[in-house]
Amino acid sequence: MGPQPYQTAEAVVEALDGAAVYETIVFNSGDDLDGDGFTDPVDNCPFTANADQSDDGGFASTAPNGHGNACECGDANGSGRVQPASTPEFGKGGIPLVPDLQLIREHLVGMHADDPSIEKLCSVNGDTACDAADAVVLDRALQGLSANPVPRCDAAVD
């Protein structure tokens, strides 16, 4: 099969100030950039492999949001959602998970250096760097003091 024509898709995300931000993604309709068996137009996480296409929620929500668990920016504990510390989350076997914001703060001071997933999912402030600004933005958003974070972490963008 020869090369597929490139197509574009537009997504609208809400910026921190509440304004709409338009993102245009150019893709080849037959591509599977992450190699998980789902072509990019139907992959809920096109840049990070997630063969099960799990989508367990999003920001402060358990309702699926269209972003796969493997690329849910801000989800440092791997639950597939970004929840405030006041909402307990549990992993396999009912083991309590450390809150996302706590893990990101700990990562920023050098803890969890052996866990690359925190670095890949950390950025929520509009760029792909994992830094103190992400912890501040996430903290304010989880407290309801600002709009939902912008999903621009390494796992969600190329």
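Using the working numbering, you'd call the opening residue of the sequence shown number 5 and step up by one each time. Every residue, glycine too, gets a C-beta built ideally from N, C-alpha and C. Just so it is clear, the structure is predicted and the values come from calculations on it, not from any experiment.
Of the choices the options, whose alpha-carbon is the least far from that of residue i?
i: ASP79; options: ALA151, LEU149, ASP138, GLY41; result: ASP138
i: PRO103; options: GLY84, PRO120, ASP44, GLY97; result: GLY84
i: ASP135; options: ASP36, ASP158, SER150; result: ASP158
From the DSSP output, which residues share a beta bridge with residue i?
i: PRO100; result: PHE94
i: GLY62; result: SER65
i: ASN48; result: Its beta-bridge partners do not exist; DSSP assigns none.
i: ASN129; result: VAL154
i: VAL141; result: Its beta-bridge partners do not exist; DSSP assigns none.
Leaving out the 5 sequence neighbours to the left and right, which residues in its chain are closer than 7 angstroms to residue i when beta-carbon positions are compared?
i: ILE122; result: ALA80, LEU107, ILE108, HIS111, HIS116
Using a Cβ-Cβ cut-off of 6 angstroms (strictly less than) and excluding sequence neighbours within five positions of residue i, which residues of its own chain qualify?
i: ASN129; result: ALA137, ASP138, VAL141
i: GLU93; result: SER83, GLN87, LEU101
i: ASN69; result: GLY62
On the CB-based measure, 16 or more other CB atoms within 10 Å of its CB, does residue i come out buried or exposed?
i: ASP56; result: exposed
i: VAL154; result: buried
i: PRO50; result: buried
i: SER90; result: exposed
i: ASP38; result: buried
i: ALA145; result: buried
Looking only at its own chain, which residues have a Cβ that is under 8 angstroms from the Cβ of residue i, when we skip the five neighbours before and after it?
i: GLN147; result: PRO88
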